Amino acid sequence: MASVTRRPLMAGNWKMNLNHLEANLLVQKLAASLTEQQLTAVETVVLPPFTDLRTVQTAVDGDKLLIGYGGQDLSPYQSGAYTGDISGAMLAKLGCTYVAVGHSERRQYHYEDDAIVNAKVAAALANGLTPILCIGEGLEIREQLRHVPHCCDQLDGALKGLTAEQVTKVVVAYEPVWAIGTGKTATPEDAQEVCGEVRKRLVETYDQGTADQVRILYGGSVKSSNVASIMSQPDVDGALVGGASLDAEEFAKICRFPEHTGR
Ligand SMILES: O=C[C@H](O)COP(=O)(O)O
């Protein structure tokens, strides 16, 4: 069987950090820290707060930076009376190519369930955005060793009703909730276990060709010091980075991981 090449993706989720002035500085510094060759080898994306997106767009377009960007959430609806929400069409109009969907912080603080996440994935695709679909288990589920079925159930729920072709356009991010912002990183083997099972589930539900095209990221306390070992796993195609993406030099080091692994 021919081996499959998936372009590594490093996505920096800024969460509710950095105003638009700080966003401009960070994006400029990040771009200056990476060569064209490095940015071509590893797709580099930032997910700033909504209020920063126009500024990031101006910086990226103005200097033709090879950095992608996107939102951290979107409405499942196209438009209308949904105070405080932002539509996929609005993100697309700002040049976004990605949007995070179903992050554990949205599931926890905004009570998003699999049905809402499913509607948001569909809304992202309908607007030409690549959803970064986040799945992951809490500590209790991990301790009960139910993490694989839990994550596969979240995956099934989020992808319900999508065609195989649509699924190839989705990025999945496995983020064990107990490893987010805690400094506790899953071992590379933990990351591989779930990412591998996610890919197997995609083979079962769709087919091998579809599953081979889907990029699966790991997220949870990723840093420049641990990214290489995580990226050495066969089913891990990148990382969703929180805290470490707020420091341009540290995030750039993460994006330069192939230089430490020869990947
Ligand atoms: O979206 C990113 C994840 O929640 C990971 O955050 P973290 O790198 O700060 O642990």
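The opening residue of the sequence shown carries number 1 in this note's numbering; numbering runs sequentially from there. For every residue, glycine included, the Cβ atom is placed at its ideal position computed from N, Cα and C. None of these values were measured; they are calculated from a predicted model.
- With fewer than 16 other Cβ atoms from the protein chains shown falling within 10 Å of its own Cβ, His110 counts as exposed.
- Annotation: the stretch 204-245 contains the following complete segments of the beta strand (DSSP E) (minimum length 3 residues), in chain order: 215-219, 238-241.
- Secondary structure within the stretch 171-203: not one fully enclosed alpha helix (DSSP H) run of 4 or more consecutive residues is present.
- Ala100 places its beta carbon 9 angstroms or farther from that of Pro149.
- The beta carbon of Cys134 sits closer than 8 angstroms to at least one heavy atom of ligand 1.
- Taking the C-beta atoms as reference points, Val170 is found no nearer than 9 angstroms to Ile135.
- The criterion of a C-beta distance shorter than 9 angstroms is not satisfied by Gly196 and Arg215.
- Taking the Cα of Ala23 as reference, the smallest distance to any Cα among Ser225, Asp235, Leu47 is reached at Leu47.
- For Asn13, the Cβ falls inside the 8 angstroms cut-off from some heavy atom of ligand 1.
- A Cβ-Cβ distance of about 6 angstroms is found for the pair Tyr206 and Val167, placing them in contact under the 8 angstroms criterion.
- Rounded to whole angstroms, the separation of the alpha carbons of Lys200 and Ser79 is 36 angstroms.
- Following the DSSP letters along the chain, one finds Asn13 inside the beta strand (DSSP E) bounded by residues 9-13.
- Under the DSSP assignment, Tyr109 falls in the alpha helix (DSSP H) whose first and last residues are 104-109.
- Looking from the CA of Gln233, the closest CA among Pro188, Asp212, Tyr98 belongs to Pro188.
- Closer than 8 angstroms to some heavy atom of ligand 1: that does not describe the Cβ of Thr187.
- The Cβ neighbour count for Tyr98, taken over all protein chains shown within 10 Å, is at least 16; the residue is labelled buried.
- Straight-line measurement puts the Cα of Val203 at about 5 angstroms from the Cα of Ala211.
- Every alpha helix (DSSP H) stretch that sits fully inside the stretch 107-149 and reaches 4 residues is listed by chain position as 114-126, 139-143.
- As computed with DSSP, Ala100 is found in a beta bridge with Ile132.
- Looking at Glu249, Gln192, Ala248, the one whose alpha-carbon comes closest to that of Ser229 is Gln192.
- Burial state of Tyr69 is buried, judged by a 10 Å Cβ sphere holding 16 or more other Cβ atoms.
- According to the DSSP assignment, Gly62 belongs to the alpha helix (DSSP H) that extends over 53-62.
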